[in-house]
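Visitor: Pasting a structure here, questions to come.
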Amino acid sequence: MARNEEKAQSMLYRFREAQAVQLGLVKPKERRPYLASDCNNLKDAEKWRQQIIREISRKVSKIQDAGLSDYQIRDLNDEINKLMREKSHWDDQIKKLGGPDYKRVGPKMLDHEGKEVPGNRGYKYFGRAKDLPGVRDLFEQEAPSPQKRTRFDLYKNVDADYYGYRDEEDGTLLEYEREIENKVIAEALEIPDETLPKDKSQKKKENTSQLENNSMDIDSSSEKYVAHVAVPSQKEVEEFLVRRRKRQMLDRYVSELLHSIDYKIPNFEDYIVSHNNYVMERKEEYYKAFKLFDKEGNDTIPSDALGDLLRALKQNPTNAKVAELVKGAGPKISFDKFLEILLRPDGFAPAATYEEIFEGFQVFDKDRTGYISVGEVKYVLTSLGEKLTEAEVDELIKIVNVDKNGNIKYEDFIKKILSE
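Take a look at the structure:
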């Protein structure tokens, strides 16, 4: 009986196969395009690439056969290398058609099975081809080491340009320097007079015209300009430093309202005295609140009560801020230390307004219904800003009504929180 391959080559078999194709019973066998660039369909390109990979896999398995002669092994190895190059062309075509870059993300299994001769790239030897006469000797040879460059070779191309001696002859560089000079001069002219002593502002105005003239000279391709800077005297510097120190003290100790009119205060020292008098008038009120938390009656409070006491006096420190204050105060806090903490610069910073909190919740209300789910409220309060615990959030949610859909009207929720 004839083998299957011989049957496939018989005239009758080929005639019936062609007849079946004409009748539409069998799909005609397609041949892979000779050039990958002739294929403009990504799906077909993927199919031909897979076909090549299968052929490579079969030939790599076949080249391991111990019964093959040296000539057959060489021919098989040449065919595998040819298929590898063809696969590379299909990889490029697939990438060009918008498919994945297989050279970058594809598996490298087939490449690892082949071995290249040191110093030669491209041609690989697979299976028994690595043991062919002459090939094994090539693998045992070491790759030629790169030739070491001498000091003469290193300094051969070093000239005056390397050290920048001819930069002044570079027209492009000089033009760039002129642009930077113009930019620096323009920024200097825009510096406000507040950064200089008041009695020097007039001198700055006198120097402005000189700077403008120099800028015009540079625009007309002049290479030099002269700027005269007035140097203040020692007395003027001391007065300026005193004024700056007073402003820093105002920024640190004065409320926002007074800060807006700080320079209208005729005498800074008088203001400090009046501010201290105001603090002393409230000192008795602060002491009464302090004694409410003094459980032992020794004019000290435990550090874990500091946050509650500050909030009772209309301050709004975060838990992190309270922990920072406690860390510097110790386990027991005296009244003097508490007063120092209470009157810190950011102590009476205003809390968030209703509008700010409303806008924060409105981010989660994309449809502007006025309602958000309980889960979103818990996410906001436990994940953003000053994080609360689950138990604290549950206590807050109890003060508002939750509808049957599990939603909360956040406008009422905010009002309840602020009223508390």
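Heads up, the sequence shown is in UniProt numbering, so the first residue is 1 and it goes up one at a time.
The beta carbon of each residue, even a glycine, is placed where N, CA and C say it ideally should be.
#1: Mind checking residue 290: buried by the 16 CB within 10 Å criterion, or exposed?
#2: Taking DSSP's pairing of strands, which residues face residue 302 in a bridge?
#3: I need the straight-line Cα distance from residue 77 to residue 61, nearest angstrom please.
#4: Nearest-angstrom Cα distance between residue 91 and residue 103?
#5: The beta strand (DSSP E) that contains residue 407, what's its start and end?
#6: Identify the residues that DSSP records as bridge partners of residue 372: which are they?
#7: At which residues does the alpha helix (DSSP H) containing residue 393 begin and terminate?
#8: Nearest to residue 392 by CA position, among 402, 401 and 381, is which residue?
#9: Let me know the secondary structure DSSP gives residue 255 once reduced to three states.
#10: Sort 56, 49 and 59 by Cα distance to residue 100 and report the nearest one.
#11: Taking 7 Å as the limit between beta carbons, can you name the residues of its chain near residue 24, skipping five residues before and five after?
#12: Taking C-alpha atoms, which residue in 395, 74 and 322 lies nearest to residue 130?
#13: Just checking, does the segment 353 to 373 make contact with the segment 397 to 409 on the three C-beta pairs under 8 Å criterion?
#14: Is it buried or exposed for residue 86, if we count other Cβ within 10 angstroms and need 16 for buried?
#15: Determine the burial state of residue 413: buried for a count of at least 16 other Cβ atoms within 10 Å of its Cβ, exposed for fewer.
#16: With 16 as the cutoff for other CB atoms within 10 Å, does residue 158 come out buried or exposed?
#17: What are the boundary residues of the alpha helix (DSSP H) that residue 59 is part of?
#18: Cα-Cα, which of 72, 303, 41 and 53 is closest to residue 97?
#19: Check whether the Cβ atoms of residue 303 and residue 321 lie closer than 9 Å to each other.
#20: Rounded to the nearest angstrom, what separates residue 81 and residue 55 at their Cα positions?
#21: Output the distance between the C-alpha atoms of residue 11 and residue 126, rounded to the nearest integer angstrom.
#22: For the alpha helix (DSSP H) containing residue 364, name the first residue and the last one.
#23: Leaving out five residues before and five after residue 160 in sequence, what residues of the same chain have Cβ atoms less than 8 Å from its Cβ?
#24: So what does DSSP say about residue 223, is it helix, strand or coil?
#25: Pick helix, strand or coil for residue 158, following the three-state DSSP scheme.
#26: Counting along the chain, where does the alpha helix (DSSP H) carrying residue 70 start and finish?
#27: Do you know whose CA, among 71, 317, 58 and 365, lies nearest residue 133's CA?
Guide: Reading it off the structure:
#1: Burial check for residue 290: the Cβ neighbour count within 10 Å reaches 16 or more, so the residue is buried.
#2: According to DSSP, residue 302 bridges with 332.
#3: Looking at the two C-alpha atoms, the distance is approximately 11 Å.
#4: Their backbone Cα atoms lie some 7 Å apart in a straight line.
#5: Element bounds for residue 407: 407 to 409.
#6: For residue 372, which the question treats as bridged, DSSP gives the partners 408.
#7: That run of the alpha helix (DSSP H) goes 390 to 397.
#8: Considering only alpha carbons, the answer is 381.
#9: Low local confidence applies: a pLDDT of 43 at residue 255 is under 50, so the model's placement there is unreliable, with the coordinate-based value given in what follows. Residue state for residue 255 is assigned as coil, using DSSP reduced to three classes.
#10: Of the candidates 56, 49 and 59, the one whose C-alpha sits nearest the C-alpha of residue 100 is 49.
#11: Once the five neighbours on either side are set aside, residue 24 has no close Cβ partner at all.
#12: It is 74.
#13: In this structure the segment 353 to 373 lies against the segment 397 to 409, because at least three pairs of beta carbons, one per stretch, are closer than 8 Å.
#14: The residue in question, residue 86, is buried, as its Cβ has 16 or more Cβ neighbours within 10 Å.
#15: By the 16-neighbour rule on beta-carbons within 10 angstroms, residue 413 is buried.
#16: It counts as exposed.
#17: It spans 42 to 62 - the alpha helix (DSSP H) in which residue 59 sits, taken as one unbroken run.
#18: Residue 41 is the option with its Cα nearest to residue 97.
#19: Taking 9 Å as the Cβ cut-off, residue 303 and residue 321 do not qualify as a contacting pair.
#20: Cα atoms of residue 81 and residue 55: separation of roughly 12 Å, rounded to the nearest angstrom.
#21: Here the alpha carbons of residue 126 and residue 11 stand approximately 37 Å from one another.
#22: For residue 364, no alpha helix (DSSP H) segment is defined, and its DSSP state is neither H nor E.
#23: The beta carbon of residue 160 lies closer than 8 Å to those of 166 in the same chain, with the five residues before and after it left out.
#24: Here residue 223 scores only 48 on pLDDT, less than 50, and its place in the model is too uncertain to base an answer on.
#25: In the structure shown, residue 158 adopts coil according to DSSP, grouped into three states.
#26: Unbroken alpha helix (DSSP H) run through residue 70: 70 to 96.
#27: Taking the Cα of residue 133 as reference, the smallest distance to any Cα among 71, 317, 58 and 365 is reached at 71.
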